[in-house]
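So the protein lines, in turn, are chains A and B. Each number in my numbering corresponds to the 1-based position in the first sequence with 29 added. Each number in my numbering corresponds to the 1-based position in the second sequence with 29 added. Glycine residues also receive a C-beta, built at the ideal position from the N, C-alpha and C atoms. Worksheet: one structure, shown below.
Number of protein chains: 2
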Amino acid sequence: MTQIAPGGTIGILGGGQLGRMLALAAANFGYRCHVFCPDKNSPAFHVADVVTIADYEDEEALEAFARAVDVATYEFENVPGVTAELVARDTLLRPGVRALKTTQDRLLEKDFLNASGVKTAPYMAFETADELQAAIKEIGRPCVAKTRRFGYDGKGQVMIKARSDIDRVIEVTGGQPAILEGFVNFDREVSVVVARSASGDVAAFPVSENVHTNHILDTTSVPAKISDMVEAKAKVMATRVANALEYVGVMAVEMFVSDGSGEIVVNEIAPRVHNSGHWTIEGAETSQFEQHIRAICDLPLGPTDARGNVRMKNLLGADILDFEPYLEDPKAHFHHYGKKEPRPGRKMGHVTWVDVK
Amino acid sequence: MTQIAPGGTIGILGGGQLGRMLALAAANFGYRCHVFCPDKNSPAFHVADVVTIADYEDEEALEAFARAVDVATYEFENVPGVTAELVARDTLLRPGVRALKTTQDRLLEKDFLNASGVKTAPYMAFETADELQAAIKEIGRPCVAKTRRFGYDGKGQVMIKARSDIDRVIEVTGGQPAILEGFVNFDREVSVVVARSASGDVAAFPVSENVHTNHILDTTSVPAKISDMVEAKAKVMATRVANALEYVGVMAVEMFVSDGSGEIVVNEIAPRVHNSGHWTIEGAETSQFEQHIRAICDLPLGPTDARGNVRMKNLLGADILDFEPYLEDPKAHFHHYGKKEPRPGRKMGHVTWVDVK
Numbered sequence: 030m031t032q033i034a035p036g037g038t039i040g041i042l043g044g045g046q047l048g049r050m051l052a053l054a055a056a057n058f059g060y061r062c063h064v065f066c067p068d069k070n071s072p073a074f075h076v077a078d079v080v081t082i083a084d085y086e087d088e089e090a091l092e093a094f095a096r097a098v099d100v101a102t103y104e105f106e107n108v109p110g111v112t113a114e115l116v117a118r119d120t121l122l123r124p125g126v127r128a129l130k131t132t133q134d135r136l137l138e139k140d141f142l143n144a145s146g147v148k149t150a151p152y153m154a155f156e157t158a159d160e161l162q163a164a165i166k167e168i169g170r171p172c173v174a175k176t177r178r179f180g181y182d183g184k185g186q187v188m189i190k191a192r193s194d195i196d197r198v199i200e201v202t203g204g205q206p207a208i209l210e211g212f213v214n215f216d217r218e219v220s221v222v223v224a225r226s227a228s229g230d231v232a233a234f235p236v237s238e239n240v241h242t243n244h245i246l247d248t249t250s251v252p253a254k255i256s257d258m259v260e261a262k263a264k265v266m267a268t269r270v271a272n273a274l275e276y277v278g279v280m281a282v283e284m285f286v287s288d289g290s291g292e293i294v295v296n297e298i299a300p301r302v303h304n305s306g307h308w309t310i311e312g313a314e315t316s317q318f319e320q321h322i323r324a325i326c327d328l329p330l331g332p333t334d335a336r337g338n339v340r341m342k343n344l345l346g347a348d349i350l351d352f353e354p355y356l357e358d359p360k361a362h363f364h365h366y367g368k369k370e371p372r373p374g375r376k377m378g379h380v381t382w383v384d385v386k
Numbered sequence: 030m031t032q033i034a035p036g037g038t039i040g041i042l043g044g045g046q047l048g049r050m051l052a053l054a055a056a057n058f059g060y061r062c063h064v065f066c067p068d069k070n071s072p073a074f075h076v077a078d079v080v081t082i083a084d085y086e087d088e089e090a091l092e093a094f095a096r097a098v099d100v101a102t103y104e105f106e107n108v109p110g111v112t113a114e115l116v117a118r119d120t121l122l123r124p125g126v127r128a129l130k131t132t133q134d135r136l137l138e139k140d141f142l143n144a145s146g147v148k149t150a151p152y153m154a155f156e157t158a159d160e161l162q163a164a165i166k167e168i169g170r171p172c173v174a175k176t177r178r179f180g181y182d183g184k185g186q187v188m189i190k191a192r193s194d195i196d197r198v199i200e201v202t203g204g205q206p207a208i209l210e211g212f213v214n215f216d217r218e219v220s221v222v223v224a225r226s227a228s229g230d231v232a233a234f235p236v237s238e239n240v241h242t243n244h245i246l247d248t249t250s251v252p253a254k255i256s257d258m259v260e261a262k263a264k265v266m267a268t269r270v271a272n273a274l275e276y277v278g279v280m281a282v283e284m285f286v287s288d289g290s291g292e293i294v295v296n297e298i299a300p301r302v303h304n305s306g307h308w309t310i311e312g313a314e315t316s317q318f319e320q321h322i323r324a325i326c327d328l329p330l331g332p333t334d335a336r337g338n339v340r341m342k343n344l345l346g347a348d349i350l351d352f353e354p355y356l357e358d359p360k361a362h363f364h365h366y367g368k369k370e371p372r373p374g375r376k377m378g379h380v381t382w383v384d385v386k
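Below, the structure written as C-alpha cells:
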C-alpha cells in the first residue's frame, strides 16, 4: 500500500475539534495539514498549514483540495457521498467510501454488522405509520425509532414505551427512512477504539466505559468495569468489524454490555477518531489521533497500552471558563479547543486524569 | 500580574522548530499563535493561526504584530534589542528585555551570574591582540576565546592550547568585543530547564545530561549521572538565576560538573525553551513547551517529574530519512519538524525513548 512519509501533506474534511487534534498529531510527525470546511470559524483552521473554506458540494474546491494533498481523511461520518467520491477520484481517501456509506445509514450498518457475525439489537426498517405499527408488533415495546441517516447525540430518535409515544415518531422521522430497534437492557456502555493500517495491521485500545448525560458523552473511564473475558471479546468484535470493512484509520465501536450474561451488543460504529478515545492523548502510549495518522499514512501502528487508570471528562459550554482548578491539579491534563462562544451543550474542551499504575 | 486566559493570542518571534513546538503546546490550551519570522519557509508557520513574514527591523510589521497579540515571546536569544523594545512597547513581552540583553552578551551574562552568586569559569574581556595577550597571561592556557555576541553551536570560538593557536583568535573574532575564558576540566555537561511564572512561581525539571558532537547537542539523558546533592545544587543555582533575572518563561542553564569535587560551573544560559529540554514532551509530566506557555500566560506551573529513564537523540540532516525503526520501536517517540531540506548538520527532528519506572 502507498506510504505517505513524514513531511507529506494530509487533507482533512471537517474543521472541528477532532480535525484540530488530528492536525496537531500530524504536525509532530512533520506532516502539513490542509483542512477543508465550510465554516470560517473552524477551530482546526488555527493549526492547519492550508485551509479551504468552501461547501462540501463545491466540486472545484474539492478537486483542488484533493490534488493538493497526499492522502485525505475526515473527522465526521456525515461527509456527503458525492464529496467522498470526488475526493477519492483524485487522491487516496482513508477511510474509504465504503466505510462512509455503510456507517451513514443505520440499516446498512446493522445489516453489515450482523453479516460480519457481530450482534446488534433486533431491528426493522420502516417509513410509513403502517410499517411502524408492523415493526412494533414484531419487535415489541419498549423500542427506539431512529432515522436511518444524520442522527447524532440523540437527534432523530424517539423512545417508544407507551402507546402514546407512537404518535411522536412520524413527527420526528418526518416519513424519512428509519429503523425501529428493540430496546436493549444493559449495565454499561463501552467503546473500543481500534485502528487498522493501510497494510492491514490492527490494534485496539483498551475498552473504555462511557457515561452519557442528555445523550452527550460526559465521562470516559479506563479500564472499563468488565471482566477480562468481556474485554477480550469486545476487542475481537471491533477487530472483526475493522477487518470486514477493510477499514483504514481509527474507528470507534460503541457497545452495550450486560454484566450478568457478559453479553455484548454493538450499538453503532463511528468511522473516525472519537470522543470516547480522547483519554488516549495522555492516557495511552499512543494517542488515537497519532494512531489515525499512522494508519492512513501506512506507518507502523503504535502501542495501545493504557498508562494507568484514566478518566476523561468533557467540558461543555461555560464549563470551559472554570479552567483554573484543572491547571492546578497535577494529575489533570486540560484541553481547550479554541472555540470562541461557549454555547450551552457545545463541546469546548476536555480534561484527562491519569493515575499511573 | 496579567493572566492570558486560554483562548487568547500568543505572539512568537522566530519560526523554527522551537516556535513550532511552542505553538503546538499552546494549541492544546486553545491559544491562537501568531508567528513572526523573516523566512517564508519557517516550520512554525505550518501550525500557526496567523503569520507575519517580515524583517526583525520592520517597525510597522512589529507594531501590527504586537497589537494583534495578548502576550509575545521568542524562540531564540538573538532577537535584536530594538525588536524587543518595539514589541514590549505595545504588548507584554515575556521573557522581558532584560533577560535578552543579559544573555546576548557573554560578558554581561558572566558578570550577572557571578553577581548572583553563581560560579562561572574565570574570564576576561578583550578586543585587541594586546588585550588578548594580557588576558592569556592572567588566565593561563588552555583557555577559550569567544565573541561576546551571536555565538551558538561552537561558532565564534577558538580553543587556545599552543602558542600557535593565538594567531587564529583575532581572525575569528575579527576584533569584535570578545572574552577569554579559562578552560574548565569537567566530567559531564548537564543542564537545568527551569520555569518562572509571571506570578513568580518557580519549577525546575530534573537535571539532564548532555552529550555534544561537533559542538551540536547529540543526546540528552535523564536522570543525569550525578549525586542527589549535585542534582539539588544544580536546581538551586538555576532557580537563583531565574529569580535574579525576574525571569518569566522557561530558560535553560547549561553547567559543567566535576564528579570528584561535585563542583558546578555555569557555562551559559539560554532565555528560551531549549534542545536539552525536548525529552520533557513525553518524558516529564509537563513538557517544557507547555510549561513556557503556562509561565508567560501566568497560569499555574505544571508538575516537572520525569516519567522514568528518558533519552533524547537529535536527528540531524539525512538522519531524518531513516524514520521507520523509530516508528516501529514501542518505546520511541518520533518528532519531525516539517523542514523540507535535510542539509548536513541541520536539526530535522528528534526521538525520545521513555523507560517508565
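Proximity test, Cβ basis, 7 Å: residue i and chain B
i: His303 (chain A); result: no
i: Asn57 (chain A); result: yes
i: Pro252 (chain A); result: no
i: Arg61 (chain A); result: yes
i: Pro35 (chain A); result: yes
Proximal residues to residue i (C-beta, below 8 Å), its chain only, five neighbours per side dropped
i: Val108 (chain B); result: Leu42, Gly43, Tyr85 and Leu129
i: Ser63 (chain B); result: For clarity, residue 63 (chain B) is His in the given sequence; the question names Ser instead. Thr38, Ile39, Gly40, Ile41, Ala77, Asp78, Val79, Val80, Thr81, Phe94, Ala97 and Val98.
i: Pro171 (chain A); result: Met188, Ile189, Lys190 and Phe212
Close-in-space but distant-in-sequence residues of the same chain around residue i (CB under 6 Å, 5 per side omitted)
i: His364 (chain B); result: Gly378 and His379
i: Asp99 (chain A); result: Ile33, Gly37 and Thr38
i: Val187 (chain A); result: Ala174, Arg197, Val198 and Val201
i: Asp230 (chain A); result: Leu330
i: Phe65 (chain A); result: Leu42, Thr81 and Phe94
i: His362 (chain A); result: Glu311 and Thr381
i: Tyr103 (chain A); result: Leu42 and Gly43
i: Gln317 (chain B); result: Val222, Val279, Val302, Gly306 and Thr309
i: Lys386 (chain B); result: Gly337
Rounded Cβ spacing between residue i and residue j (contact assumed at less than 8 Å)
i: Ile293 (chain A); j: Val286 (chain A); result: 6 Å
i: Leu142 (chain B); j: Ala154 (chain B); result: Rounded, the Cβ-Cβ distance is 15 Å, inconsistent with contact.
i: Glu210 (chain A); j: Asn239 (chain A); result: 18 Å between Cβ atoms; not a contact.
i: Thr132 (chain B); j: Ile298 (chain B); result: 5 Å
i: Glu92 (chain A); j: Asp119 (chain A); result: 6 Å
i: Glu156 (chain B); j: Gly204 (chain B); result: 6 Å
i: Ser193 (chain B); j: Ser220 (chain B); result: That pair is no contact at about 33 Å.
i: Ile208 (chain B); j: Ile189 (chain B); result: With 8 Å as the limit, Ile208 (chain B) and Ile189 (chain B) do not qualify as a contact, their Cβ atoms being about 12 Å apart.
i: Ala232 (chain A); j: Thr149 (chain A); result: No, Ala232 (chain A) and Thr149 (chain A) are not in contact; Cβ-Cβ is about 24 Å, not under 8 Å.
i: Ala83 (chain B); j: Ala90 (chain B); result: 4 Å
Cutoff 7 Å: residue i Cβ touching any chain C Cβ
i: Val76 (chain B); result: The structure shown contains no chain C; its protein chains are A and B.
Within-7 Å CB hit, residue i to chain A
i: Pro235 (chain B); result: no
i: Leu328 (chain B); result: yes
i: Pro206 (chain B); result: no
i: Leu47 (chain B); result: no
i: Leu53 (chain B); result: yes
i: Pro332 (chain B); result: yes
Cutoff 7 Å; reference residue i; Cβ partners in own chain excluding five residues on either side
i: Asp384 (chain A); result: Gly337, Asn338 and Lys360
i: Ser290 (chain B); result: none
i: Ala54 (chain A); result: Ser316, Phe318, Glu319 and Ile322
Check whether the stretch 343-351 of chain B and the stretch 259-274 of chain B are in contact - that is, three or more C-beta pairs closer than 8 Å. no
Contact between the stretch 108-116 of chain B and the stretch 53-60 of chain B is defined here as three or more beta-carbon pairs at a separation below 8 Å; is this criterion met? Fewer than three pairs of CB atoms, one per stretch, sit closer than 8 Å, so the stretch 108-116 of chain B makes no contact with the stretch 53-60 of chain B.
Residues of the stretch 109-143 of chain B whose Cβ lies closer than 7 Å to any Cβ of chain A, in chain order: Those would be none; no residue qualifies.
Does the stretch 268-277 of chain B come within contact of the stretch 243-256 of chain B, defined as at least 3 CB pairs closer than 8 Å? no
Touch test, the stretch 171-191 of chain B against the stretch 220-236 of chain B, Cβ-Cβ under 8 Å, three pairs minimum: no
I'd like to know if the stretch 192-208 of chain A and the stretch 242-249 of chain A are in contact, where contact means that at least 3 CB-CB pairs between them fall below 8 Å. no
Going along the stretch 367-378 of chain B in order, which residues come within less than 9 Å of chain A, judged by CB to CB distance? Gly367, Lys368, Lys369, Met377 and Gly378
Would the stretch 46-53 of chain B count as touching the stretch 72-92 of chain B if we require 3 or more Cβ pairs under 8 Å? Counting C-beta pairs with one atom in each stretch, the stretch 46-53 of chain B and the stretch 72-92 of chain B have three or more that are closer than 8 Å, which means they touch.
Along the stretch 349-368 of chain B, what residues have a CB closer than 7 Å to any CB found in chain A? Phe352, Leu356, Glu357, Pro359, Phe363, His364, His365, Tyr366 and Gly367
Residues, ordered as in the chain, of the stretch 310-326 of chain B that lie near chain A by beta-carbon distance below 8 Å: Within the stretch 310-326 of chain B, the residues whose Cβ lies closer than 8 Å to some Cβ of chain A are Glu314 and Arg323, listed in chain order.
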